[in-house]
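Take the sequence shown: its position 273, counting from 1, is numbered 274 in my numbering, and each next residue is one higher.
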Amino acid sequence: MFAPANQSAFTLALDGVPSDLKVFKFSGTEAISQPYRFELELVSEQPDLDLEGLLHRQAYLSFNEQGHGVHGLVYRVAQGDSGRRLTRYQLSLVPHLAYLVHSSQQRIFQHKTVPQIVAQVLVGHGIQSDRFEFRLSGNYPEREYCVQFGETDLAFIQRLCAELGIHYHFQHAPEGHLLVFGDDQTVFAQADQPTPYRPGSGMVADTPAIKRFTLQLATRTTAVNLRDYDFRKPRFELENTAGEERPPALEMQQFPGHFSDRTHGKYLAQRGLERHRSDYRVAYGQGDEPALASGRFLQLRDHPCEGWNDLWLVTQVTHEGKQPQVLEEAVTEVTGGEFRQGYHNTFTAAPWDAVFRPPLPEQPRPSVSGYQSAVVTGPVGSEIHCDEYGRVKVQLAWDRVGEHDEHSSCWLRVASGWAHERYGAVLIPRVGMEVLVGFVNGDLDMPLVVGCLPNAATPMPLDLPADKTRSIWRSQSSPGGGGYNELRIEDRKGAEEIYLRAQRDWTQHVLNDQQVRVGNRRCVRVEGESHHELQGEEQRITHGNRLTELKQDDHLVVGGSQHMRAGQTIQVGAGQSIVIDAGASVTIQAGGQSITLSADGIFSSVPIQLGGGPVSPAAPLIPGFNEQLLAVIPASLSLVQVASLKRSAPFCEECERCQSGQCDLAQHDRVADL
Numbered sequence: 002m003f004a005p006a007n008q009s010a011f012t013l014a015l016d017g018v019p020s021d022l023k024v025f026k027f028s029g030t031e032a033i034s035q036p037y038r039f040e041l042e043l044v045s046e047q048p049d050l051d052l053e054g055l056l057h058r059q060a061y062l063s064f065n066e067q068g069h070g071v072h073g074l075v076y077r078v079a080q081g082d083s084g085r086r087l088t089r090y091q092l093s094l095v096p097h098l099a100y101l102v103h104s105s106q107q108r109i110f111q112h113k114t115v116p117q118i119v120a121q122v123l124v125g126h127g128i129q130s131d132r133f134e135f136r137l138s139g140n141y142p143e144r145e146y147c148v149q150f151g152e153t154d155l156a157f158i159q160r161l162c163a164e165l166g167i168h169y170h171f172q173h174a175p176e177g178h179l180l181v182f183g184d185d186q187t188v189f190a191q192a193d194q195p196t197p198y199r200p201g202s203g204m205v206a207d208t209p210a211i212k213r214f215t216l217q218l219a220t221r222t223t224a225v226n227l228r229d230y231d232f233r234k235p236r237f238e239l240e241n242t243a244g245e246e247r248p249p250a251l252e253m254q255q256f257p258g259h260f261s262d263r264t265h266g267k268y269l270a271q272r273g274l275e276r277h278r279s280d281y282r283v284a285y286g287q288g289d290e291p292a293l294a295s296g297r298f299l300q301l302r303d304h305p306c307e308g309w310n311d312l313w314l315v316t317q318v319t320h321e322g323k324q325p326q327v328l329e330e331a332v333t334e335v336t337g338g339e340f341r342q343g344y345h346n347t348f349t350a351a352p353w354d355a356v357f358r359p360p361l362p363e364q365p366r367p368s369v370s371g372y373q374s375a376v377v378t379g380p381v382g383s384e385i386h387c388d389e390y391g392r393v394k395v396q397l398a399w400d401r402v403g404e405h406d407e408h409s410s411c412w413l414r415v416a417s418g419w420a421h422e423r424y425g426a427v428l429i430p431r432v433g434m435e436v437l438v439g440f441v442n443g444d445l446d447m448p449l450v451v452g453c454l455p456n457a458a459t460p461m462p463l464d465l466p467a468d469k470t471r472s473i474w475r476s477q478s479s480p481g482g483g484g485y486n487e488l489r490i491e492d493r494k495g496a497e498e499i500y501l502r503a504q505r506d507w508t509q510h511v512l513n514d515q516q517v518r519v520g521n522r523r524c525v526r527v528e529g530e531s532h533h534e535l536q537g538e539e540q541r542i543t544h545g546n547r548l549t550e551l552k553q554d555d556h557l558v559v560g561g562s563q564h565m566r567a568g569q570t571i572q573v574g575a576g577q578s579i580v581i582d583a584g585a586s587v588t589i590q591a592g593g594q595s596i597t598l599s600a601d602g603i604f605s606s607v608p609i610q611l612g613g614g615p616v617s618p619a620a621p622l623i624p625g626f627n628e629q630l631l632a633v634i635p636a637s638l639s640l641v642q643v644a645s646l647k648r649s650a651p652f653c654e655e656c657e658r659c660q661s662g663q664c665d666l667a668q669h670d671r672v673a674d675l
């Protein structure tokens, strides 16, 4: 394994750059589901290497001649001290994935699976599809809505994978490194050959070996319970539990569980349990086997504990190498500790049958404690865009990818002041309205509209502060506008008012009683027709005068009897004629006497006398109606007509002199006697 003292065992190859850089020492850590990083210290006879030309170049650090090593990109490069002939350089080697820590986004993914989202992010950073692979056995449903908000692209990818139990590791070759995503143990490479256990004796081993190997067991959760809620199935209990029958019973409950069906919930609960128990049994070791790498199995042999001579999954390795022979002159190196030359490592491993799941980040999901502004969106030309639940789509203020259309977001539920089974309040935000968006449990993947906000482009329907005492609810006709319905309340002292406006129709439906009380004046104006139908009894009491003016005809049909009674006088006038039509008889009563007109003739209860006292005057009329009514009230009977009525003659026709009051009554009497 080891090269002669004057020969370099560790080498660095830079893509496209011939150089005489020699590896003096290096150290680095790699782990499953973590980007690795190696720090190299190099020496060169060139004191003026182009540092910028080295940055971001591909490089391969070889641990031995058998091809074990690490491939990566030059993430950092620095020039150190220069001696008489050699100059020191420092270099950091990382995978392309590590660059994503310097990029953060605020964006939305819709109707994509987690592998599709991860692939989109990787390709966006130039990591082409031949540089990563998904070797997954599970089924991953589409996420209707997934938000990256303020997370680095690396943290976003790692969070999505950890939530579903997807891990990743790297496979290295001089030509490049491959990023492999998996969800079971089959994606991890087998060991080239068994590695013997050789406890440290102070002697240099001829072959690579494990020098130290210890095992640790720790208390971990034994059950995971997930619960969630789906408003589309509000009475459906979404709950799943995965557990192991071992004491003590330690259950971890999580809400929300981020699932909408029990099958997926069962899957997530099992993955969660595996994540909690993946480090229940952990081995720690040291050795000088350069073939050890995270995401590979170690085949241990020759250990006194026979049960440990088995496959172990290496989850983390820290590599360290030194070859001081490359230093040939005055630049001295001060070293400490026992390790001064060669290669060694420390590692962490887990039993092969313990399913590995990456731990969740310290903050599993970005949480928003406040609210965010958004604009309601919809298809081109639409004014109202919603689904059967009254949900709307929006474009959040930070979204720079959305196009303000029906694809800008998922459907967002709209909070209401009241909501139940077929009753409540419904106010659907319209396209173009600014709305305030909140998040259920602070989860950005679960937005909802909590209210609307006016702005300079969509001002409120009041002139403020002049109308500060008014409260208003005004809608707008759709599509096209041009009209509105409105309810306005004015609270200004002395001018209090409730105003209700219907742009077109107004329908009232009262199933029982309705009471209306007006303290002063009531005015009703109908510019079209007015139809009233009372299917029961109608009672009206007017304590003052009642004045009715009809511009045209008046028709009254009474199915039964009609009774009209006046306390003093009834006056009936017509411009031309008054016709009283009775099928049998007409009776006029006054002062205890009566006149009856029937088919048999005209009958009076007493002889009719000429003259008599004047009747009492009628009650005064409201100004404006006197002249119109007097014009149609007929004059009193003439003396000739009165005299005629006293006789038995049934009819008296006035001549022109009678009409003018110049007729000789005695002459009429003589004519009547003939």
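Every residue gets a Cβ at the ideal spot worked out from N, C-alpha and C, and that includes glycine. What you are looking at is a predicted structure, and each value in this text was computed from that prediction instead of being measured.
{"Check": "For L123, count neighbouring C-beta atoms within 10 Å of its own C-beta (all shown protein chains included) and say buried if the count is 16 or more, exposed if not.", "Outcome": "buried"}
{"Check": "Between the Cα of S63 and the Cα atoms of K26, G439, L56 and L98, which residue gives the shortest distance?", "Outcome": "K26"}
{"Check": "Do three or more CB pairs link the region 439 to 451 to the region 405 to 421 at distances below 8 Å?", "Outcome": "yes"}
{"Check": "Compare the Cα-Cα distances from G81 to each of I581, A210 and S45 and report the closest residue.", "Outcome": "S45"}
{"Check": "Buried or exposed: E290, going by 16 or more other Cβ atoms within 10 Å of its Cβ?", "Outcome": "buried"}
{"Check": "Within its chain, find whatever has a CB closer than 6 Å to the CB of V119; leave out the 5 residues flanking it on each side and keep chain order.", "Outcome": "I158"}
{"Check": "What distance in whole Å lies between the Cβ atoms of G266 and G273, which are believed to be in contact at a cut-off of 8 Å?", "Outcome": "About 10 Å separates the two Cβ atoms, so there is no contact after all."}
{"Check": "Take every Cβ of the region 292 to 312, pair it with every Cβ of the region 16 to 36, and state whether three or more of those distances are shorter than 8 Å.", "Outcome": "yes"}
{"Check": "Between W353 and V148, what straight-line distance do the alpha-carbon atoms span, to the nearest angstrom?", "Outcome": "35 Å"}
{"Check": "Is the CB-CB distance between L87 and R77 below 9 Å?", "Outcome": "no"}
{"Check": "Whose CA, out of S104, N140, Y100 and Q186, lies closest to the CA of M113?", "Outcome": "Reading off the sequence shown, one finds Lys at residue 113, where the question assumed Met. Out of S104, N140, Y100 and Q186, N140 has the C-alpha closest to the C-alpha of K113."}
{"Check": "Report the CB separation of F348 from V315 in whole angstroms; it is logged as a contact under 8 Å.", "Outcome": "5 Å"}
{"Check": "Can you check DSSP and say which residues form a bridge with Y90?", "Outcome": "L43 and Q80"}
{"Check": "I'd like the span of the beta strand (DSSP E) that includes F237, first residue to last.", "Outcome": "Counting along the chain, F237 falls outside any beta strand (DSSP E), and DSSP gives it neither H nor E."}
{"Check": "To the nearest angstrom, how far is it from the Cα of Q373 to the Cα of V102?", "Outcome": "26 Å"}
{"Check": "Can you give me the Cβ contacts of M434 inside the same chain, cut-off strictly under 6 Å, excluding the 5 residues immediately before and after it?", "Outcome": "V377 and C453"}
{"Check": "Could you give the uninterrupted runs of the beta strand (DSSP E) lying entirely in the region 456 to 512, keeping only those of 3 residues or more?", "Outcome": "471 to 475, 487 to 491 and 498 to 502"}
{"Check": "List the whole-angstrom C-beta distance separating Y90 from L43, where the pair is believed to meet the contact cut-off of C-beta under 8 Å.", "Outcome": "5 Å"}
{"Check": "DSSP three-state label for Q254, please.", "Outcome": "strand"}
{"Check": "The alpha helix (DSSP H) that contains D154, what's its start and end?", "Outcome": "D154 to L165"}
{"Check": "Check this for me: beta carbons of I167 and G403, under 9 Å apart or not?", "Outcome": "no"}
{"Check": "Grab the span of the alpha helix (DSSP H) containing R271 for me, first residue to last.", "Outcome": "According to the sequence displayed, residue 271 carries Gln and not Arg. Q271 -> alpha helix (DSSP H) spans R263 to R278."}
{"Check": "Given this structure, state the Cα-to-Cα distance separating H564 from E528, to the nearest angstrom.", "Outcome": "32 Å"}
{"Check": "Please determine, among P367, R518, S599 and V432, the residue with the shortest C-alpha to C-alpha distance to S105.", "Outcome": "P367"}
{"Check": "State the DSSP-derived secondary structure class of A350, mapped to helix, strand or coil.", "Outcome": "strand"}
{"Check": "What's the C-alpha gap between G371 and T319?", "Outcome": "42 Å"}
{"Check": "Taking the continuous alpha helix (DSSP H) assigned at I710, which residues delimit it?", "Outcome": "Not covered by the structure: residue 710. The range shown for the chain is 2 to 675."}
{"Check": "What first and last residue would you give for the alpha helix (DSSP H) that runs through G537?", "Outcome": "No alpha helix (DSSP H) holds G537; DSSP gives it neither H nor E."}
{"Check": "Which whole-angstrom value is the C-beta distance of T222 and L251, which I expect to be below 8 Å?", "Outcome": "5 Å"}
{"Check": "In the DSSP assignment, find the alpha helix (DSSP H) that holds E321 and state where it starts and stops.", "Outcome": "Careful: E321 lies outside any alpha helix (DSSP H), inside the beta strand (DSSP E) at L312 to K323."}
{"Check": "For A331, count neighbouring C-beta atoms within 10 Å of its own C-beta (all shown protein chains included) and say buried if the count is 16 or more, exposed if not.", "Outcome": "Confidence at A331 is low in this model, with a pLDDT of 38, below 50, so the placement of that residue should be treated as unreliable; the coordinate-derived value is given next. A331 is exposed by the Cβ-count criterion."}
{"Check": "Name, in chain order, the residues that DSSP records as bridge partners for N226.", "Outcome": "T242 and Q254"}
{"Check": "Taking S586 as the reference, which of G576, T597, H405 and L361 has the closest Cα?", "Outcome": "T597"}
{"Check": "For the alpha helix (DSSP H) containing L13, name the first residue and the last one.", "Outcome": "Element bounds for L13: not the alpha helix (DSSP H) but the beta strand (DSSP E), T12 to L15."}
{"Check": "Along the alpha helix (DSSP H) that carries L551, what are the first and last residues, could you check?", "Outcome": "From DSSP, L551 is part of no alpha helix (DSSP H); its letter is neither H nor E."}
{"Check": "Please name the residue, chosen from T12, V395, I571 and A284, that lies closest to A591 on a Cα-to-Cα basis.", "Outcome": "I571"}
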